[in-house]
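The numbering of the sequence shown is our numbering, which starts it at 2 and goes up by one.
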Amino acid sequence: MSAEAVLLNVDKQGVATVTLNRADLHNALDDEAISLLAATLETLAEDNSVRAVVLTGNGISFSAGHDPDWLRRLSQFSASDLNRYAQQHARLLHTLDTLPQPTVARVQGSAFGLGVALVACCDIAIGASEALFSLSDVRFGQIPALAIPYLVRAIGERPTRRYCISAERFNAGKAKRLGLIHQVLENDELDAAVQHMLAQLLLNGPAAMRAAKHLVGEVGQQDITPQVIQRCIEHSLAVRMSDEGREGIQALIEMRKPSWLE
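Structural data, given as structure tokens:
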């Protein structure tokens, strides 16, 4: 890669912005870029000073998915090489999906294939009205297998089935109705909307947001059984008894800002 494929900036508030930086390729990713993105996210996951993560791209597209040149090379790979690449791909999506910090996808342009999966793995997605989305794998005799679990969770089984087998494009308005993105704005309004969301997140207890996100991931796909209820009670008590939990309640009682806002 002639330039760094992934850029990272962490501001003084602890907001990390991860930018896909292959604008000339519409931020299509090859194996090196995927590995770099996964490693960047893994580093952020271990950094407790990072309060929130924004994922975006340079240029007119969020991500066109896989780099065509990389796909051509991939077609010559052995089964073991293909398995190794699939594991790398899965690592990226799992890392983004389970990142402890809240994640915001700033979708400034179109997302295809892997790009759609990256959006689905983020907690909050804000998109430009001109963005288009597509899962076009079947047009090339492939399937978006690693993306499907995240898409089913984000938009539901039946819409996932439709768009994975039709490969049709859908616009930002449809993506919002499906639940893939949460807010649609004109391009010149995108940054303000992302900043507004970040301001909301930074008001909250960092550890509490991590705990809430973890609990949703743990129980979200389970039936509401006595065991699940007990796990929720345990999580609630652990957070309430933590230093941050005690500080938050004390600040409320004393009608002052909690320590994480000072």
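Every residue, glycine too, gets a C-beta built ideally from N, C-alpha and C.
Original post:
Where do the ends of the beta strand (DSSP E) carrying SER135 lie?
Top reply: Here residue 135 refers to the residue found at position 134 of the sequence shown. Unbroken beta strand (DSSP E) run through SER135: 133-135.
**OP:** State yes or no: is the C-beta of ILE125 within less than 8 angstroms of the C-beta of MET210?
**Re:** Here residue 125 refers to the residue found at position 124 of the sequence shown. Here residue 210 refers to the residue found at position 209 of the sequence shown. In this structure, MET210 does not lie closer than 8 angstroms to ILE125 by Cβ.
**OP:** Would you mind giving the Cβ-Cβ distance between GLY110 and GLY58, rounded to the nearest angstrom? I have them listed as a contact below 8 angstroms.
**Re:** As a first step, residue 110 must be located in the sequence shown, where it is residue number 109. As a first step, residue 58 must be located in the sequence shown, where it is residue number 57. That pair is a contact at about 7 angstroms.
**OP:** Keeping to the same chain, check which residues put their C-beta closer than 7 angstroms to that of ILE149; ignore five residues upstream and five downstream.
**Re:** By one-based count along the sequence shown, residue 149 stands at place 148. Cβ within range, chain order: THR161 and CYS165.
Original post:
PHE78 by DSSP, collapsed to three states: which one?
Top reply: Position 77 of the sequence shown holds residue 78. Here PHE78 sits in coil by DSSP.
Subject >> Sufficient close CB pairs (3 or more, under 8 angstroms) joining the segment 50-64 to the segment 24-39 >> reply: yes
Subject >> Continuous alpha helix (DSSP H) stretch holding LEU9: start and end >> reply: Within the sequence shown, the letter at position 8 stands for residue 9. Not the alpha helix (DSSP H): LEU9 falls in the beta strand (DSSP E), residues 7-11.
Subject >> Coarse secondary structure for GLN231, derived from DSSP in three states >> reply: Numbered from its first residue, the sequence shown carries residue 231 at position 230. Residue state, collapsed to three classes: helix.
Original post:
Using a Cβ-Cβ cut-off of 8 angstroms (strictly less than) and excluding sequence neighbours within five positions of LEU100, which residues of its own chain qualify?
Top reply: The residue you call residue 100 lines up with position 99 of the sequence shown. Within the same chain, LEU100 has close Cβ partners LEU42, LEU45, ALA46 and VAL54.
Subject >> From LEU21, GLN222, ARG85 and SER243, residue whose alpha carbon lies closest to that of ASP68 >> reply: Your numbering for residue 68 matches position 67 in the sequence shown. The candidate whose alpha carbon is nearest that of ASP68 is LEU21.
**OP:** State buried or exposed for GLU263, treating a residue as buried only when at least 16 other CB atoms are found within 10 Å of its CB.
**Re:** The residue labelled residue 263 in the question sits at position 262 within the sequence shown. Label assigned to GLU263: exposed.
**OP:** Look at the Cβ atom of LEU1, then the Cβ atom of CYS123, and state whether they are nearer than 8 angstroms.
**Re:** What is shown of the chain runs 2 to 263, which leaves residue 1 out entirely.
Original post:
Quick one, are the C-beta atoms of LEU279 and VAL19 less than 8 angstroms apart?
Top reply: Any property of residue 279 remains undetermined from this structure, which presents the chain solely from 2 to 263.
**OP:** Compute the distance between the beta-carbons of LEU1 and VAL117, then report whether it is under 8 angstroms.
**Re:** The structure shown does not extend to residue 1, since the chain is modelled only from 2 through 263, so no value can be given for it.
Subject >> For PRO207, the nearest candidate out of LEU152, ALA129, PRO259 and ALA40 (CA to CA) >> reply: If you number the sequence shown from 1, residue 207 lands on position 206. Of LEU152, ALA129, PRO259 and ALA40, the residue nearest in Cα terms is PRO259.
**OP:** With SER167 as the anchor, note down where its beta strand (DSSP E) starts and where it stops.
**Re:** Taking the first residue of the sequence shown as position 1, residue 167 is located at position 166. Here SER167 belongs to no beta strand (DSSP E); instead the alpha helix (DSSP H) covers 158-167.
Original post:
Is VAL185 helix, strand or coil when you go by DSSP?
Top reply: Counted from its first residue, the sequence shown places residue 185 at position 184. If DSSP states are grouped into helix, strand and coil, VAL185 belongs with the strands.
**OP:** Could you say which of GLU5, ALA155 and VAL11 lies nearest to ARG23 if we only look at CA atoms?
**Re:** Looking up residue 23 in the sequence shown gives position 22. Checked all of GLU5, ALA155 and VAL11; the closest Cα to ARG23 is GLU5.
Subject >> Sequence ranges, alpha helix (DSSP H) only - wholly within the segment 191-232, length at least 4 >> reply: 191-203 and 207-220
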